[in-house]
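Single-structure report; data block below.
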């Protein structure tokens, strides 16, 4: 009967919109409970082996409306760009995994960072940003050229330097700097490996 405009490489619903809805729903449940003392049910803390679900819930929970709004605005721009190269399943899996890894990085370095808990999607969003920076066609051509003419360590070192620079530039006071950096590094590495990309031959347009 017709075609649905493709939002992902295989068509269908937008995983970015789905993620935004998930963030909103979790916040509506989490924020009132946190006010009355149930924040540990959502935040990732050094006690995460006792509360393993917080590896996921911490990514979708936020400290307040402003925190949620700022992350949502960045997610719109970054997420919509990344989702056009991949599938919903890969997008969501990457978002959850990167959020967990970045949160763990912040918590495991708690003796240095002083972090007692982590909330927010920024680590996962920084992962999407890193993927977009390293996985776009222009960057791929540039990095391939450098890789072909320079020692093997140059590209990884360059990506790490880019990640550090972006994390410093985009992390404000009281933000989870280590989580931002970890998300960026994971995203840059995944983008360089084109981990989420779906080949042209695999792309489909859904009909209704």
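Numbering (the numbering used here), first residue to last: 3 to 210.
C-beta: ideal position from N, C-alpha, C; glycine also.
For residue i, name the three-state secondary structure that DSSP assigns.
| i | result |
| --- | --- |
| residue 120 | strand |
| residue 111 | coil |
| residue 46 | strand |
| residue 56 | helix |
| residue 199 | coil |
| residue 64 | coil |
| residue 92 | helix |
| residue 87 | coil |
Assuming residue i is part of the alpha helix (DSSP H), what are its boundary residues?
| i | result |
| --- | --- |
| residue 193 | 179–194 |
| residue 1 | With the chain covering 3 to 210 only, the question about residue 1 has no answer from this structure. |
| residue 52 | First-last for residue 52: undefined, no H or E at that position. |
| residue 29 | 17–35 |
Alpha carbon to alpha carbon, what distance is there between residue j and residue i?
| i | j | result |
| --- | --- | --- |
| residue 95 | residue 182 | 18 Å |
| residue 191 | residue 41 | 32 Å |
| residue 186 | residue 126 | 8 Å |
| residue 135 | residue 188 | 12 Å |
| residue 98 | residue 18 | 13 Å |
| residue 24 | residue 62 | 7 Å |
| residue 195 | residue 20 | 25 Å |
| residue 90 | residue 36 | 30 Å |
For residue i, does the count of other Cβ atoms within 10 angstroms reach 16, so buried, or fall short, so exposed?
| i | result |
| --- | --- |
| residue 120 | buried |
| residue 39 | exposed |
| residue 114 | exposed |
| residue 7 | In this predicted model, residue 7 has a pLDDT of only 44, less than 50, meaning its place in the structure is not dependable; the value taken from the coordinates is given anyway. Its Cβ having fewer than 16 others within 10 Å, residue 7 is exposed. |
| residue 180 | buried |
| residue 28 | buried |
| residue 118 | exposed |
| residue 140 | exposed |
Shorter than 7 Å from the beta carbon of residue i to some beta carbon of chain B?
| i | result |
| --- | --- |
| residue 128 | Looking for chain B here will not work: only one protein chain is present. |
*Does the region 100–110 come within contact of the region 64–79, defined as at least 3 CB pairs closer than 8 Å?*
no
*Counting pairs of beta carbons, one from the region 72–92 and one from the region 36–48, are three or more of them closer than 8 Å?*
no
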